[in-house]
Amino acid sequence: MIQKYSSYFQLAIIICVFIKHGQSEWKSCPSNEMCTCQLNQFNSAEIKEMSCTKVPFFKLPYLTDNKLDQLSITGSGLEVLEDDSFLNLTASRIVLSNNRIHSIQDKVFSKMNDTLEDLNLDFNNLDEVPINAIQYLEKLKILSLYQNQISSVVVNWSNLNNIVKELSLGGNEIENLPLKPELSLMNMKALLTINLAENSLLTLEANSLPMSLTVLNASSNNIKEFPQPLLNYLQELQYFSLSNNFIESILTHNYEGKINLEELDLSRNLLESVGKWFHQTVRVKKLNLSNNKIHSVDKDSLNDLDCRKIDLSYNKLSKLDDGVFSGLKDSLEFLDLSGNRFNKLPDALKSSKSLQTLKFDYNNLLKVKSSLSSLSGVKKLTLAGNKITVFPYESLGSLKSLHHLDLGYNRIADIRKSDFKSWGNYLEKLFLQSNSILFLQNNTFEYASRLTELSLSYNNIGSIDHNAFKFLDKSLEKLDISFGLKGFGFPTALSTLKSIKYLALDNNNINAIPETISNLESIETLILDFNNLKELKSSVFSSNAHKFLKEIRLSFNKIPSIDSKTFAGLPNLQTVGLHNNKIIKLSENVFTDLIQEFSVYLSNNVIEIIDSKAFSNIPKLKMVDLHGNKLLTFDYTVFENVTTQNEPMTLNLSSNRIENLKVPTYQRNPVYIIVLDLSHNKFAKVPKKIVEIQTSLKFLDMSYNEITSIESQDFYSMINLEHLSLIHNKIVKVKPDAFISLKKLQILNLSHNHIEEVQNEQFKDLENLRILDLSFNSINNIPNNAFENTKVEKLSLSNNRISSLPSSLVVNIRNTLRILDLSHNQILNIDQNIFQAIPKIYDLNLCHNKITGDSLGSLQNSNSLSSLQLCGNELVSITNDSFKNISNLSYLNLAETGLTSFPNVTLPSLKNMNVSGNKINNITEGFFMGLPKLKVLTLSNNQLAGLSSMKWIQLQNLKSLDLSNNPIKVLDQSCFFGLYSLRMLNLQDLNNLETIDPIIFVDLVQLTSIKLHMKSSVGSNLSRILSNLGKLRELYLQMTDEKVTNQLPEQMPKKLRLLEISGKNLKYIDIGSLNVLTNYSNFELRITGTSISHLPKHIFSKLENKRFTIDLTNNQFANIGPELFYRTIGETRRFGSKAFPGGIHVGKNPLICGCNTKWLAQWMRRHLNEVSGANTISIQSRLELIESMNQVVCSDSQTKQMFPILSHDVTTDETLCVFVLNVPKVSTGKGSSSIIRIDAFLLISVLFINYLYCK
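Residue numbers for the sequence shown, in mature numbering (1 follows the signal peptide of the UniProt record, and there is no 0): -24 to -1, 1 to 1231.
Below, the structure written as structure tokens:
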């Protein structure tokens, strides 16, 4: 599939939206115009904040503004913070998150010692706390190092002890906290908040943390015991999270004094009961015990806690002692018992007089009885996902304060006005989605006349009486009937809703929008996607009637055309979505007189003609998306009086058939475009005068065209262009002065062309060029002055014909070049002066050249290098001198280099080493000694026959080891001795394996992920193998048998979160083989890379309320139907697509278009709404979700043509798709039916299954 939105094009949209968003004080920054700056509102010459979001940087720009409140550089790809990065800058807050920073030099923040208060380095690659760089920051209050690779906090914190108040170390590799006073965190007396989540801590000792703490997050570690001494020690603690650990029980303990916690989170542990843990010495306002295995709660265990909020959801409770909440009658306000096994509301609730919120979703309630009678103060009640068949009006009679009621995902077939009579006066929100409601009678909501929000989606409503909503005309603001209407048009009853603001009617069978929609005078958002609309009258939307209308969604319909002034004069209109229709033509003034910032999405239609002035009088036109149409030409006269110089637009014309652009010789009101996407068209050359009508263009994408040359004047007028992409054209020649006007260009991509020659001084006019990609061309020589006058930071020359790399080639970019890719060329030698020429380079890729081991001496003393790739060269052997004095190297790739022995090298900073695909048959003792910091070692595809001689003890920091595809025969207990920190181990493709000792992994106490080759020697011992892997979270099983029957043990690690079953020989999985997975929730099951073409019915149905993700990608399925996932119709109502909230993934299968793919499409559409919230996110975000879903395709059985499943019509009105699902037995007095046949053509409420036929 064509990628409609490239990463750089998305970047362009982000930046342009940011520039235009908010107040006018945001503008392009003088330091780098791809960044945005906020001006001081009192002094427009002074910059307050600078933000660079997804702007690619490999060297920070010279910052001309010496004082900022905040600097934010995120998602840039930056790897090293150099001493001169902030040479002239002072700031109080710096955000450098989501980059690739692995090194921070000592003096980088030296100018900010007395100003920097908040430093965010989240989501980077740091492997240690950068203490030398931060220790003199005298005002540093907040330090965040979340999601790095830090394994130790043993540093000298002394200078920060009395300064830092918030410290985030979550998401790292910390195994323990230091206890020595001089190294411990306990001396950080100012520290109030610490995040230690997502590490590998086994314990929390009392003297490891400061007494001043008020917030401690230790979730997602490996803690087995509740740290009672610590809680006793931290008397100021208010928030304490131990969620997602391995705590099985808590011993009763008397604490000194009184401990008052605001919140204690013990969710996602292994607790089986709740006892009297704290002996009246602890008060907890919010107690979270959800997602454990609790089956009982001691009678007096909660009464002394003074709780306001208790969460016991998703446990194994089926009953509660009557007095369990009696001590909380005056304090308990919130109680969540969802996801348990209750058959009725427990009588224990009767004592909860102060309860305001009760959640009882996804239990087994058939009826709601009188347990609610004493809960007169309840304001919010949720009973979704039970088995309630009758609206529980009698039990709700005493709930006079109820304003929020959720009865969705039940089996209610009927609602009447009498259901609300005695209690509905204060009801504001009512959720009845995914029931079996067939009709709405007149005056249904007469006694619930204050409703502001109502959901009736995923029902099977066949009729709505005209006055059904009569008493909601002044109150109802939000109505959702997505997937809710059966076989009739736009409900006339909606015309009375004068106050409605949000109306969702998507995924129905509506074929027209009536003119009575003019009565919806308060409407702001109208959603009609995925219907059967075949026309759109120009009179439907009125500027007088729809004064507040902001967003209209009409995508995935069958609209053939849009007439003039259909969207005219709507004073608040901001967004229109018309993508994926059948529009052929846009008439004159179809979008006109719109004063708000406006975006329109018209992609994936069949538009051939756009009349002049189709878009007129829209001064704030923000986005026009026309990609995926059938335009042969594009004339700028379609725009009249749109955009301004300060409000330029984004225009996407990609994936059409355009050969040229027509620009009028004179245009009174120029069109200002900032982003122009012309990719995937038929241009044979850069269109002349492409933007002569304006000079605002900053991003131009002309990739995937048929351009053969770049001429002198092609970009003459684009003086503000910053990013130019010309990839995948047929360019042979680029004229020397082709870029003469592009003084502001920063990114130039000419990859995947036929360029043979780079001219002298080819890029000298590009004085701001930072990123240059010339890969995948036919270049054999580059003149020495090619990069003169540029600032190239990243240079890609891979896949050319270059035979040498003279130092003179890069001397002109010696101070800026950081990344150089010369892979897949014909280089024989490395110039010995190369690293003197580029002294600051840190990433060099020389893979797949003709370099030999003899020439590696040139790499010596390249101290700036942190990443070196030499894969695919015939090095044969490497000596210790080969990498002498490369002290900062952290990644070395020697894969496929002909090595016969493990390289004996000394690289004190190396963290990741790849020697896969060689001929290594042994590793001599002592060869690991020179690699003290190694964390990742890839030894796959070698000739290792055994591991007993390995001295792993020298690799104390090793986290990941790949030994796959070696001829290993025996794995005994000694094989992995010493790998105490190992987390990931790959043992797949061990075809010669004969023997494995089941206790082989007993010392791997931190192992969380293992990949196993399931030969009989492993399979027969799998239960014992896994019994020694208590911390395991991910298990990958490569099967060798044709069937999975009893290979999975009855018990697996309790915290397992992912199971992958693969193997090209595998053809079948027995229905009972996955029963062990019913013990898990929030789990991902992958069956991938097999020869399976079908599975037994209901194989996944037992997992429907376990919040699973089912991944069936890359198999041999031709059909995947509902019978795999659901046993009964009731289950489809009760769970919908939320049965598998992580999704059902079926890509890369040979699916045949038909009834099953129709079902899949409708399931995906429901998941898009129900789980991903597509109706509540922006159209742009929704389009990106749909784009990923469109990767799932099926082939027509006749033509073999491929179609995206999501939007392809595979049935006609005359075709009936029938599935067979069980129906729960219901006593009728005349026997009961156990099988039902289902029409999946409309498939609406019954998981989009419409007509029911009794067998």
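Cβ atoms here follow ideal geometry from the backbone N, Cα and C, with glycine treated the same way.
All of these numbers come straight from a predicted model, not from anything done at the bench.
query, result
"Whole runs of the alpha helix (DSSP H) within the region 135 to 210, excluding any shorter than 4 residues", "204 to 209"
"Buried versus exposed call for Gln1092 [16 or more other C-beta atoms within 10 Å across all chains shown]", "exposed"
"Cβ neighbour criterion (16 or more within 10 Å) applied to Ser195", "buried"
"Cβ contact (3+ pairs, closer than 8 Å) linking the region 915 to 924 and the region 125 to 145", "no"
"Endpoints, the beta strand (DSSP E) within which Arg1141 is located", "Looking at the DSSP string, Arg1141 is not in any beta strand (DSSP E); the run it does join, the alpha helix (DSSP H), is 1131 to 1146."
"Nearest-angstrom Cβ-Cβ length linking Leu870 and Val891, presumed shorter than 8 Å", "5 Å"
"7 Å Cβ cutoff met for Thr257 and Asn230", "yes"
"Option in Ile437, Leu161, Ser693 with minimal Cα separation from Ile139", "Leu161"
"Under the three-state DSSP convention, the category Asn16 falls into", "strand"
"For His1070 and Gln1174, the rounded distance between their alpha carbons", "22 Å"
"Nearest-angstrom beta carbon gap, Gln417 and Leu432 [assumed within contact, 8 Å]", "About 13 Å; that fails the 8 Å criterion."
"Inter-residue spacing [alpha-carbon to alpha-carbon] between Ser52 and Ile77", "10 Å"
"CB-CB length for Leu50 against Ser73, believed under 8 Å", "According to the sequence shown, residue 50 is Thr rather than Leu. About 5 Å separates the two Cβ atoms, so the contact holds."
"Length of the line joining the Cα atoms of Asn681 and Pro32", "25 Å"
"Residue span of the alpha helix (DSSP H) that contains Glu370, given as start and end", "369 to 372"
"Reduced DSSP category for Pro32 - H, G, I as helix; E, B as strand; rest coil", "coil"
"C-alpha distance - Leu804 paired with Pro782, whole-angstrom precision", "11 Å"
"Beta-bridge pairing of His989 - partner residues as DSSP gives them", "Gln1014"
"Cut-off 7 Å between Cβ atoms - residues of its own chain near Pro974, not counting five sequence neighbours on either side", "Asn997, Arg1000, Ile1001"
"C-beta atoms of Ser993 and Thr971 nearer than 7 Å", "yes"
"CA-to-CA distance, Asn622 to Trp2, given in whole angstroms", "11 Å"
"Neighbourhood of Lys991 by C-beta, 7 Å cutoff - its chain only, sequence neighbours within 5 removed", "Leu969, Thr1016"
"Element boundaries [alpha helix (DSSP H), containing Asn108]", "107 to 110"
"Which listed residue (Leu509, Pro536, Ile489) has its alpha carbon closest to that of Val516", "Ile489"
"Nearest residue (CA-CA) to Ser885, options Asn435, Thr900, Lys909, Phe952", "Lys909"
"CB of Asn548 within 7 Å of CB of Asn507, strictly", "no"
"Through-space distance from Tyr434 to Asp395, alpha-carbon basis", "21 Å"
"Residue interval of the beta strand (DSSP E) (run including Thr1085)", "1085 to 1087"
"Outcome for Lys541 when other beta-carbon atoms lying within 10 angstroms are tallied against a minimum of 16", "buried"
"Neighbour-count burial assignment, Cys823, 16 or more Cβ in a 10 Å radius", "buried"
"Identified DSSP bridge partners for Ser936", "Val912, Met960"
"Neighbour-count burial assignment, Thr492, 16 or more Cβ in a 10 Å radius", "exposed"
"Residues that DSSP places opposite Tyr478 in a beta bridge", "Lys454, Thr501"
"DSSP beta-bridge partners of Glu623", "Thr620"
"Per-residue DSSP class, three states only, for Thr257", "coil"
"Span separating the alpha-carbon of Leu700 from that of Ile686", "12 Å"
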